[in-house]
Amino acid sequence: MENIINFKNGYTEVNGLKMYYEVYGTGKPLVLIHGGGSTIETSFGRIIPLLAKTRQIIAMELQAHGHTNDRQTDLSFGQNADDIAVLLNDLKISNADFLGYSNGGHTLIEIALRFPHVINKMILASTFYKRDAAPPQFWEGFDHVTINNMPEVLQKGYLKANNSEEGLINMFNKDVKLLKGFTDWSDAQMRSIKAPALVINATQDVGSVEHAVKMYRMIPNCELVILPGTHGEFLGTAEAISNGTWNQEYSIQIIEEFLDRNQEKTEV
77 MENIINFKNG
87 YTEVNGLKMY
97 YEVYGTGKPL
107 VLIHGGGSTI
117 ETSFGRIIPL
127 LAKTRQIIAM
137 ELQAHGHTND
147 RQTDLSFGQN
157 ADDIAVLLND
167 LKISNADFLG
177 YSNGGHTLIE
187 IALRFPHVIN
197 KMILASTFYK
207 RDAAPPQFWE
217 GFDHVTINNM
227 PEVLQKGYLK
237 ANNSEEGLIN
247 MFNKDVKLLK
257 GFTDWSDAQM
267 RSIKAPALVI
277 NATQDVGSVE
287 HAVKMYRMIP
297 NCELVILPGT
307 HGEFLGTAEA
317 ISNGTWNQEY
327 SIQIIEEFLD
337 RNQEKTEV
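First residue of the sequence shown? That's 77 in the working numbering, and the numbers climb one at a time after it.
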């Protein structure tokens, strides 16, 4: 991905972290927030080269993930939101479009609630806001999950960014604890989101199609797309593409069409 014109990367001091970030391309900024257990490359390696043709792409690695170090606190979506706000301020980005994938979408919900002024439009990809979006066995699985249950491609992705087995185990344990403690956002909070939003869900996603429809109806200025496949497949994430072939590049057209469309906010 580094071959894209106007690529730069670096670290910035963020609330006690040295947060790693990458910037690609030029144009209107689009901030990408990766999923749990992931890096910029494993979540977005396939879509960044396409999106960066017409936009400036800003991506970061969150606390304990990839190149970014850890702090002596548990992970939280709220803290992630605070960290990203500081990063964007340091990069002198006052307003941007956002795409959050999976746990990154949960962080994006917190950004929309805490820092609504920084969001122009937002895309919630494979995201949910209530526990009942996923079946009980999904949540029960975190009671006995081990590092061996983590997709090998995500383990390799972490180690490529930070060659530390200890760091990998630490990230895994903190992500598990984060999801075990997942708490719902209220319907009132979702109704308070002001930014135009797009919910994208897969037919075989972690969160159900029914929940995606509920979220679409809850956010005042929202659109909905349901695509075939599994969690992350429409974005070509490393853990979703088993044979190396990605057949859903049309999702980029959907994303760009939503972001480029002139859209007036509606009152509900």
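We put the CB at the ideal spot given by N, CA and C, even for glycine.
In chain order, what residues of the same chain lie with their CB nearer than 8 Å to the CB of residue i, ignoring the 5 residues before and after it?
| i | result |
| --- | --- |
| L126 | E325 and I328 |
| V90 | D159, V162, L163 and D166 |
| E340 | Confidence at E340 is low in this model, with a pLDDT of 47, below 50, so the placement of that residue is unreliable and no value is reported for it. |
| R190 | G154, A157, D158 and A161 |
| K197 | D173, F174, A271, P272, A273, L274, F334, L335 and Q339 |
Please identify the residue among the options whose C-alpha is closest to the C-alpha of residue i.
| i | options | result |
| --- | --- | --- |
| K84 | N224, M136, I123 and D150 | M136 |
| E216 | F310, L255 and F174 | L255 |
| Y177 | G121, N171, R131 and S262 | G121 |
| G181 | G112, T118, V194 and V221 | G112 |
| A172 | V194, N156, A157 and R190 | V194 |
| P192 | Y87, G312, N277 and A271 | A271 |
| D208 | A288, S170, A314 and A157 | A288 |
| P304 | W322, Y292 and K168 | W322 |
| F310 | Y292, V275, M291 and R337 | V275 |
| V107 | R337, N338 and I331 | I331 |
| H220 | N319, K253 and A188 | K253 |
| N124 | S268, Y87 and N82 | The residue you asked about is not Asn; residue 124 is Ile in the sequence shown. Ranking S268, Y87 and N82 by Cα distance to I124 puts N82 first. |
| A273 | E117, A188 and S170 | A188 |
| I134 | N319, S318, G86 and V99 | V99 |
| T149 | M247, T279, I169 and P212 | M247 |
Considering just the uninterrupted stretch of the alpha helix (DSSP H) at residue i, what are its terminal residues?
| i | result |
| --- | --- |
| M247 | E241 to K256 |
| Y292 | V285 to M294 |
| G176 | Element bounds for G176: not the alpha helix (DSSP H) but the beta strand (DSSP E), A172 to Y177. |
| E332 | Y326 to D336 |
Give the range of the beta strand (DSSP E) segment to which residue i is assigned.
| i | result |
| --- | --- |
| M198 | I195 to A201 |
| N85 | K84 to V90 |
| V229 | No beta strand (DSSP E) holds V229; the alpha helix (DSSP H) holding it covers E228 to A237. |
| E137 | Q132 to E137 |
| E98 | L93 to Y100 |
With a threshold of 6 Å on Cβ separation, who are the neighbours of residue i within its own chain once the five nearest residues in sequence on each side are excluded?
| i | result |
| --- | --- |
| G154 | E186 |
| V282 | A210 and H307 |
| T342 | The predicted position of T342 is uncertain, since its pLDDT is 41 and thus under 50; no value can be drawn from it. |
| Q132 | G101, T102, G103 and P105 |
| N156 | L138 and T183 |
| G92 | R147 |
Contact defined as beta carbons within less than 8 Å: I believe residue i pairs with residue j. What is the distance between those atoms, to the nearest angstrom?
| i | j | result |
| --- | --- | --- |
| M266 | I295 | 6 Å |
| A314 | L230 | 7 Å |
| L151 | K250 | 5 Å |
By Cβ distance below 7 Å, which residues in the same chain neighbour residue i in space, the five residues on each side in sequence not counted?
| i | result |
| --- | --- |
| D260 | Y205, K206 and R207 |
| L277 | Residue identity check: residue 277 is Asn in the sequence provided, not Leu. If we look at N277 and ignore the five residues flanking it on each side, its Cβ neighbours are S202, G283, V285, A288 and I302. |
| V344 | Here the model assigns V344 a pLDDT of 36, short of 50, so the residue's position is not dependable and the matter cannot be decided. |
| T115 | E137, H141, G142, G233, Y234 and A237 |
| N179 | G111 and G112 |
| N145 | L93 and K94 |
- Message: Could you check whether the segment 134 to 149 touches the segment 226 to 244, counting it as contact only if at least three pairs of C-beta atoms, one from each stretch, sit closer than 8 Å?
- Response: yes
- Taking one C-beta from the segment 222 to 229 and one from the segment 198 to 212 each time, how about it: are there three or more such pairs within less than 8 Å? no
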